[in-house]
Amino acid sequence: VQLQASGGGLVQAGDSLRLSCKASGNWDSLNEINLMAWYRQAPGKQREEVAAITRGGSTVYKDSAKGRFTISRDNAWNMVYLQMDNLQPEDTGVYFCNAPYVLGTTYWGQGTLVTVSS
């Protein structure tokens, strides 16, 4: 499974960005993806989960993301999105998409940088 993240950029506080993550690879492995998530790694900090979505469409969010971020997926489960509204400087970091527990392996995308200026 390969995960390719895109959509990051430099924005001002209050702006919006939409991150995309494309999953590709072996069909049998793709069919075993039941959960995908977005993580953020801020400068000097550990990577943390921001939002996650199950194949069934259930979602969870980090408290600071609730009400501002929306995670979604397409029906084919090939694309996962993170709509980020009202961005704040503390949202700055490298955002990674993640697919855990896929036949015993966790996959990570390459990361996309989001920088929010005040």
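Take the position in the sequence shown, starting the count at 1, then add 59; the result is the number in the working numbering. Just so it is clear, CB atoms sit at the ideal spot from N, CA and C, and this is done for glycine as well.
Taking Thr174 as the centre and dropping the five residues before and after it, the same chain places the C-beta of Leu69 and Thr151 closer than 7 Å to its C-beta, in chain order. Annotation: Leu78 to Ala110 spans about 12 Å, alpha carbon to alpha carbon. Looking at the backbone, the Cα of Gln105 and that of Met138 are separated by about 25 Å.
The beta carbon of Thr113 sits closer than 8 Å to those of Asn93 and Leu94, all from its chain and outside the five residues before and after it, given in chain order. The C-alpha of Phe155 lies about 23 Å from the C-alpha of Asp87.
The three-state secondary structure of Trp86, taken from DSSP, is helix.
Between Tyr166 and Leu62, the beta carbon gap of about 5 Å places them in contact (Cβ cut-off 8 Å). Under DSSP, Lys81 shares a beta bridge with Gln63 and Met138. Assignment of Glu107 by DSSP, reduced to helix, strand and coil, places it in the strand class.
By the 16-neighbour rule on beta-carbons within 10 angstroms, Tyr160 is exposed.
Nearest in C-alpha terms to Lys121, of all of Thr171, Gly67 and Ala96, is Ala96. Between the alpha carbons of Arg132 and Ala101 lies a distance of about 24 Å.
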